[in-house]
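Following: one structure in structure tokens, then a few remarks.
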Amino acid sequence: MRRNIMRIADDEPLENVLQRMLRVRVHFALVVDEFGGTLGAITLEDVLEELVGDILDEFDKEEAYIRPGPDGVFIIDGLAPLHEVNEALGVELDTEEVSTFGGYITNELGAMPRAHVPFRLGPIEVEVTSMNERRIIQTRVRVVGPAEAEEGEPEA
4 MRRNIMRIAD
14 DEPLENVLQR
24 MLRVRVHFAL
34 VVDEFGGTLG
44 AITLEDVLEE
54 LVGDILDEFD
64 KEEAYIRPGP
74 DGVFIIDGLA
84 PLHEVNEALG
94 VELDTEEVST
104 FGGYITNELG
114 AMPRAHVPFR
124 LGPIEVEVTS
134 MNERRIIQTR
144 VRVVGPAEAE
154 EGEPEA
């Protein structure tokens, strides 16, 4: 059985590529330049991941959201579930309004933090090491102890 391989122009918008691949029911296509030369290959999963973000499947290795580092530092992904952060660090960060560590940081600060500028949130010191305009990607975190109450403010 012989099948023709779908060819996709390298400058074709991903939305069009997705529609074509779904319509023809293929999961693989060759990417070609303006002269018809092959530049590479693309899969349906590649297209979907570019449009909506990473998709974990049975072949992808799941990476840990929280990794211990040297000197009591933890490397924590912004998408780490907040309850897992609490468990790993032995702290009680408020989980009522948000579910991820990155969401917790932006909720507590009221805005996106600046990268590579350490700050304190309660019992932890945080430094955002990687981010984009929409989300915190990775942080370095150290447990420093309970937050000290401001002068004249009762401790909780």
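Position 136, counted from 1, in the sequence shown is what the numbering used here calls 139; the numbers after and before it change by one each time, with no gaps.
Virtual Cβ for every residue (Gly too), placed ideally from N, Cα, C.
Note that this is a predicted model, so its numbers are computed, not measured.
Which whole-angstrom value describes the C-beta separation of residue i and residue j, a residue pair presumed to lie in contact below a C-beta threshold of 8 Å?
i       : j      : result
Thr-103 : Gly-81 : 7 Å
His-30  : Leu-17 : With a Cβ gap of about 15 Å, His-30 and Leu-17 do not count as contacting.
Looking at the secondary structure, which residues open and close the beta strand (DSSP E) in which residue i lies?
i      : result
Arg-26 : From DSSP, Arg-26 is part of no beta strand (DSSP E) but of the alpha helix (DSSP H) over 17 to 27.
Which partner residues of residue i appear in the DSSP bridge assignment?
i      : result
Thr-98 : Thr-98 is not bridged to any residue.
Arg-70 : Ile-78
Grab the span of the alpha helix (DSSP H) containing residue i for me, first residue to last.
i      : result
Ala-12 : Per DSSP, Ala-12 belongs to no alpha helix (DSSP H); it is in the beta strand (DSSP E), 10 to 12.
Asn-7  : Looking at the DSSP string, Asn-7 is not in any alpha helix (DSSP H), and its letter there is neither H nor E.
Segments assigned beta strand (DSSP E), at least 3 residues, entirely inside the stretch 105 to 152: Fully enclosed beta strand (DSSP E) runs of 3 or longer: 122 to 124, 127 to 134, 139 to 146.
Whole alpha helix (DSSP H) elements within the stretch 26 to 58, 4-residue minimum: If we require 4 residues or more, the alpha helix (DSSP H) runs fully inside the stretch 26 to 58 come out as 47 to 55.
contact_flag[the stretch 85 to 95, the stretch 36 to 54] where n(CB pairs < 8 Å) is 3 or more: With the cut-off at 8 Å, the stretch 85 to 95 and the stretch 36 to 54 do not touch.
Stretch pair the stretch 105 to 121 + the stretch 136 to 147: three plus CB contacts closer than 8 Å: A contact is defined here as three or more CB-CB pairs under 8 Å, and the stretch 105 to 121 meets this definition with respect to the stretch 136 to 147.
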